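Residue numbers (our numbering): 90 to 177.
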Amino acid sequence: MLVSQARNEVSDLLEEAIVAIEANPLQYPVDIHAQALGVMLRRWMDSSGKYTCLFRYHPVTDTAILDIFASTRQDYLSLLYLVQISRP
């Protein structure tokens with residue numbers, strides 16, 4: 090796959106996630122693995138089931154923050170550690 094093709098595919102997946110999450114963030118369940126680590130993240134999966142997006146939703150401000158966007162083949166719990174240490 091060419092770099093430009095990969096870039097377009099990732100861009101399309103990210104746009105799909107953003108549109109879906111903006112439409113109704115509460116329809117996505119809390120990720121039980123993240124919750125077990127004390128982190129409240131919701132989980133969106135793409136239609137193919139190959140990619141996942143973990144995000145925080147703040148109902149008071151009606152904002153979603155995308156923390157992790159990864160292939161389902163990746164160990165996203167390791168990525169979760171990076172999210173935890175990077176938060177203010």
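Cβ atoms here follow ideal geometry from the backbone N, Cα and C, with glycine treated the same way. Note that the coordinates shown come from a computational prediction; the quantities given were computed from them, not determined experimentally.
So, are the CB atoms of residue i and residue j less than 8 Å apart?
| i | j | result |
| --- | --- | --- |
| C142 | I121 | no |
| R131 | P114 | yes |
| R145 | I154 | yes |
| L102 | Y140 | yes |
| Q173 | V108 | no |
In angstroms with no decimal places, state the Cα-to-Cα distance between residue i and residue j.
| i | j | result |
| --- | --- | --- |
| I110 | L168 | 20 Å |
| Y165 | T150 | 27 Å |
| V119 | S137 | 20 Å |
| E105 | N97 | 12 Å |
| V99 | M134 | 14 Å |
| A123 | Y117 | 14 Å |
| L41 | Q94 | Past the edges of the chain, shown from 90 to 177, lies residue 41, and the structure says nothing about it. |
| S160 | A125 | 21 Å |
- Message: Could you tell me which whole beta strand (DSSP E) segments of length 3 or greater appear in the region 102-163?
- Response: 131-134, 140-147 and 152-160
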